[in-house]
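Participant: Protein chains in written order, with our numbering: chain A, 643 to 943; chain B, 725 to 993. Could you have a look at this structure, given as structure tokens, before my questions?
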Amino acid sequence: MTSTAYARPQLGLARRALGRVGLVVGAVVAVGLVWTGYKAMGAATGGVWPGTSRPLPVPTDDTTLPPFLGILRRFGEPQRTGDPIPLWQYLVDASFFTFREAVVGVLAGIVIGLALAVLMLRSRWLERGLLPWIIVSQTVPLIALAPVVVAWGNQLPFGYWQAWMSVAVIATYLTFFPVTVNALRGLMSPGRLPLELMRSYAASDRATLLKLRFPASVPYLIPALKLAATASVVGAIVGEISAGLRGGLGRLIIDYAQQYLTDPERLYCAVIAAGVLGILFVGLIDLLDRVLTRGRPRETT
Amino acid sequence: MTAAISVTGVDMVFNPGRRNEVTALTGIDLAVADGELVSLIGPSGCGKSTLLRLVGDLETPTNGSIEVNGKSARQARLDHDYGMAFQSAGLFDWRTVSANVELPLELLGWETARRRERSRELLQLVHLEDFAGHRPWELSGGMQQRVAIARALAMKPGILLMDEPFGALDEMTREHMQTELVRIKAETGATVVFVTHSVPEAVFLSNRVVVMSPRPGRIANVVDVALGERGDATRVDDRFFAAVTAVRSALRGSAAPMATAPGMEVAVE
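In structure tokens, the structure reads:
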């Protein structure tokens, strides 16, 4: 038990939340300062490093690098002129649309990943047979796969299949992998002693799985879920673009990118929205972690 | 007294026919009476843990037979006749102390209320009733080991198999745990097979001490210990020291097995 540290002293929930908010505001201010400072430097020197004739890596004109406050202000302005609804509302709606795909992608990834891990746990033969294919599956580029999935989805006989579900399948393709690999490691983590203990109780394989192997795998699954959550957001956005699906962040990003020259701030806003979505999703997994590992020794990092 | 455990002509060979073949045990005959406490002692590699594991059906012997309560070791395990405790407690981190003790009962399908009640009794038995809601990692090593023993007793097993359960404890805790084990055994009437490295521990606990010798593992000697009821006074009793000396010389004899007549019994009274 020497490697086990005790939990950090618990700050009040409100104080911790306040600390988080402060951190986020601080980070935004810091990025804003660097961004604005870089632009100011470029404007002062005419686009070269001060005291040299070497050009800056990124030009500092307002099209390539729109003013920082302009980007923030853009959230409150209409999506296009004459539209009464501000941009942020479009982004929030699109984020929810993409979030739904990503959540379904993660949930399906968990189910498939755990099922594969349990299968491979049951037989070394299956593990040797399946694992290489699972690894190969991850080398197939998503943009090659996405149109195929969408085409298959459209041909499914049942009427309730919708295009966003195909996108969720594409996201699942990215999420099941980290879950499978880490779940297998976690399921195999109990040593000889706890396994023999279960054997001495004449516990069935199922009971050993439920009472020992699954609980033991939780600390392995949490990092996998964080990976899966971010991968799922990326998968959903790329999937939307490949499927040509309207309603999500993917389509907005494509639209805004095409009109970048006339309205560069808008694309930055969409990218920020995608980032925030990813962070919120990982935060959700963090919350799940706290619930699942309540009362376990925490490693101090 | 009937034999709770009888081991007849047991050989144990690991990796037979391969280059790393090891004969762990050869020609083991041992009978443990109902309610008896027998210690297995000997140098590292003498196969004492292997013998315990064979009795508990964690390994299957290469030759010979093991009968427990008149049935095979496997059947005895399936019938939940065993409680086992090992050198490390092996508690589940994600369960409270009480839930750890309840684990075997949960597997038997006991109802929650009945489990709680039994767990409370057992934690009282090992004097940890105030720690039911704690997590294992909040407890000291000795306390964890006591939880493991409570867990081993949960199913009211007729037979306790213990593999150096106090090996990792400091001397004070160790003596305390030995006294506790003697008391628990008296209260439950269990048959105990106890593997240890420590001669005084073996003598203090046991009705008989089985002295084993290595390469290949076999029983070199069996020392009867007749000390009557054990208590703290036992530890300073002359007869206790005499028995310790007898086991010591049996152990030394086992290092050069030719010097001792095989199967010789050293009775101490």
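For glycine and all other residues, C-beta sits at the position ideal for the given N, C-alpha and C.
(1) Contact between the stretch 889-906 of chain B and the stretch 732-743 of chain B: three or more CB pairs below 8 angstroms?
(2) So with CB distances below 8 angstroms, who are the chain B contacts of Ala845 (chain A)?
(3) Just to confirm before moving on: does the CB-CB distance between Val1029 (chain B) and Arg963 (chain B) stay below 9 angstroms?
(4) By how many angstroms is the C-alpha of Ala871 (chain A) removed from the C-alpha of Glu904 (chain B)?
(5) Could you list which residues in chain A have their beta carbon closer than 8 angstroms to that of Met808 (chain B), in chain order?
(6) Could you say which of B:Val935, B:Val871, B:Asp805, B:Asp956 lies nearest to Val906 (chain B) if we only look at CA atoms?
(7) On the DSSP letters alone, give me the boundaries of the beta strand (DSSP E) that Phe890 (chain B) sits inside.
(8) Round the Cβ separation of Gly890 (chain A) and Thr814 (chain A) to the nearest angstrom and send it over; I've been treating them as touching at under 8 angstroms.
(9) Output the distance between the C-alpha atoms of Trp730 (chain A) and Gly857 (chain B), rounded to the nearest integer angstrom.
(10) Looking at C-alpha atoms only, which residue of A:Val790, A:Arg848, A:Asp897 is the closest neighbour of Val760 (chain A)?
(11) If His804 (chain B) sits next to Met879 (chain B), beta carbons under 8 angstroms apart, how far is it from one beta carbon to the other, in whole angstroms?
(12) 9 angstroms is my cut-off, CB to CB: does Pro828 (chain B) come that close to chain A?
(13) Could you confirm whether any beta carbon from chain A is found closer than 9 angstroms to the beta carbon of Gly771 (chain B)?
(14) Which bits of chain B does Pro857 (chain A) rub up against, with CB to CB less than 9 angstroms?
(15) From the DSSP output, read off the bridge partner residues of Lys795 (chain B).
(16) Tell me which residues of the stretch 791-802 of chain B have at least one Cβ-Cβ distance to chain A shorter than 7 angstroms, keeping chain order.
(17) To the nearest whole angstrom, what separates the beta carbons of Val919 (chain B) and Leu776 (chain B), a pair I think is in contact under 8 angstroms?
(18) Taking a cut of 9 angstroms between CB atoms, which residues from the stretch 752-783 of chain B lie near chain A?
(19) Can you look up Pro767 (chain B) in the DSSP assignment and give me helix, strand or coil?
(20) Shortest alpha-carbon distance to Leu787 (chain A) belongs to which of A:Gly688, A:Ile883, A:Val753?
(21) If you draw a straight line from the alpha carbon of Ala755 (chain A) to that of Ala810 (chain A), how long is it in whole angstroms?
(22) Taking DSSP as the reference, what is the three-state secondary structure of Ser937 (chain B)?
(23) List the residues that DSSP assigns as beta-bridge partners of Ile752 (chain B).
(24) Which residues in chain B sit within 7 angstroms of Leu835 (chain A), going by Cβ to Cβ distance?
(25) Tell me which residue opens and which closes the alpha helix (DSSP H) that Ile883 (chain A) is part of.
(26) Just checking, does the stretch 808-827 of chain B make contact with the stretch 749-758 of chain B on the three C-beta pairs under 8 angstroms criterion?
(27) Give me the Cα-Cα distance between Val731 (chain B) and Val779 (chain B), rounded to the nearest whole angstrom.
Facilitator: According to the structure data:
(1) no
(2) The sequence position of residue 845 (chain A) within the first sequence is 203, counting from 1. Leu831, listed in chain order.
(3) Shown here, chain B extends from 725 to 993; a query on residue 1029 (chain B) therefore has no answer.
(4) Indexing the second sequence from 1 puts residue 904 (chain B) at position 180. Indexing the first sequence from 1 puts residue 871 (chain A) at position 229. Their backbone Cα atoms lie some 51 angstroms apart in a straight line.
(5) Indexing the second sequence from 1 puts residue 808 (chain B) at position 84. Residues of chain A passing the Cβ test: Glu838, Leu839, Ser842.
(6) As a first step, residue 906 (chain B) is located in the second sequence; it is residue number 182 there, counting from the start. It is B:Asp956.
(7) Working through the second sequence from its first residue, we reach residue 890 (chain B) at position 166. Per DSSP, Phe890 (chain B) belongs to no beta strand (DSSP E) and is neither H nor E.
(8) Residue 890 (chain A) sits at position 248 when you count from the first residue of the first sequence. Residue 814 (chain A) sits at position 172 when you count from the first residue of the first sequence. No, Gly890 (chain A) and Thr814 (chain A) are not in contact; Cβ-Cβ is about 16 angstroms, not under 8 angstroms.
(9) Taking the first residue of the first sequence as position 1, residue 730 (chain A) is located at position 88. Taking the first residue of the second sequence as position 1, residue 857 (chain B) is located at position 133. Using only the alpha carbons, I get a separation of about 49 angstroms.
(10) Stepping through the first sequence from its first residue, residue 760 (chain A) is reached at position 118. Looking at the Cα atoms, A:Arg848 is the closest of the given residues.
(11) Your numbering for residue 804 (chain B) matches position 80 in the second sequence. Your numbering for residue 879 (chain B) matches position 155 in the second sequence. Their Cβ separation, rounded to whole angstroms, is 5 angstroms, which keeps His804 (chain B) and Met879 (chain B) in contact under 8 angstroms.
(12) Taking the second sequence and counting its residues from 1, one reaches residue 828 (chain B) at position 104. By this cut-off, Pro828 (chain B) is an interface position.
(13) The residue given as residue 771 (chain B) occupies position 47 in the second sequence. Taking Cβ atoms only, chain A never reaches closer than 9 angstroms to Gly771 (chain B), which makes this a no.
(14) Here the question's residue 857 (chain A) lines up with position 215 in the first sequence. The contacting residues are Phe816, Asp817, Trp818, Arg819.
(15) Mapped onto the second sequence, residue 795 (chain B) falls at position 71. According to DSSP, which records beta bridges pairwise, Lys795 (chain B) is partnered with B:Val792.
(16) Arg801, Leu802
(17) For the purposes of this step, residue 919 (chain B) is taken as the residue at position 195 of the second sequence. For the purposes of this step, residue 776 (chain B) is taken as the residue at position 52 of the second sequence. Contact flag correct, Cβ pair sits at about 5 angstroms.
(18) Arg777, Gly780, Asp781, Leu782
(19) The residue you call residue 767 (chain B) lines up with position 43 of the second sequence. Reduced to three states, the DSSP call for Pro767 (chain B) is coil.
(20) Start at 1 with the first residue of the first sequence, and residue 787 (chain A) comes out as number 145. Taking only the C-alpha atoms, the option nearest Leu787 (chain A) is A:Ile883.
(21) Along the first sequence, one-based indexing puts residue 755 (chain A) at 113. Along the first sequence, one-based indexing puts residue 810 (chain A) at 168. Rather than Ala, the amino acid found at residue 755 (chain A) in this sequence is Gly. C-alpha separation (whole angstroms): 15 angstroms.
(22) Residue numbering aside, residue 937 (chain B) sits at position 213 when the second sequence is read from its first letter. Ser937 (chain B) falls in the strand class under three-state DSSP.
(23) For this step, residue 752 (chain B) is matched to residue 28 along the second sequence. BP columns for Ile752 (chain B) point to B:Val734.
(24) The residue given as residue 835 (chain A) occupies position 193 in the first sequence. The answer, in chain order, is Phe810, Ser812, Gly814.
(25) Residue 883 (chain A) sits at position 241 when you count from the first residue of the first sequence. Looking at the DSSP string, the run of the alpha helix (DSSP H) that includes Ile883 (chain A) is 856-885.
(26) no
(27) The residue labelled residue 731 (chain B) in the question sits at position 7 within the second sequence. The residue labelled residue 779 (chain B) in the question sits at position 55 within the second sequence. Rounded to the nearest angstrom, the two C-alpha atoms are 8 angstroms apart.
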